[in-house]
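A quick write-up on the structure given underneath.
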Amino acid sequence: MRTLIVLSSALALAGCSANPTERVDWPVTVAPAAGNPQRLVAVPPECGPVPATVPDLHGTSWHNPHLGLGCAQARNAALQVENPRDLLSGRPTGAPDAEREAAAVARYHKGEEKDLMRSGTTTSGAGAGSK
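Here this note's numbering is used: the first residue of the sequence shown is 943, the next is one more, and so on.
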């Protein structure tokens, strides 16, 4: 048993990188709006140009921190956020409805699950851009 534990530990550690890569964060800044300090705006990070050559994905340098991975996601989040205050602190979730949750669990245990769709509705399979 001890040999098995030692071997599994060695295998787990073999998957760890000997050279951890540099981490780059792409912060979204929340700042007062120009001309209206009461209103906040989300300021997206500036993403640099994508390098002309992509590193070898099978080599050791596949995660180049200067590629800007994550910058587009942070930029899109800043541009799409409804209320920039949500980036500072989330909205309260409200009180949970324990009775409703308990009833759902009871229905599940009895095999009386509710369908996700109402009866009589169908899916068309058509997505955005379909004609």
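Don't be surprised by glycine CBs; every beta carbon is placed ideally from N, CA and C.
Within a 10 Å sphere around the beta-carbon of Ala975 sit fewer than 16 other beta-carbons, which makes this residue exposed.
Assignment of Thr1035 by DSSP, reduced to helix, strand and coil, places it in the coil class. For the pair Ala1020 and Pro979, the CB atoms are not nearer than the 8 Å cut-off. DSSP places Asn1025 outside both helix and strand once states are collapsed to three, so it counts as coil. Between the C-alpha atoms of Leu1030 and Gly1012 there is a straight-line separation of about 19 Å. In the three-state DSSP reduction, Ala1048 falls in the helix class (H, G or I).
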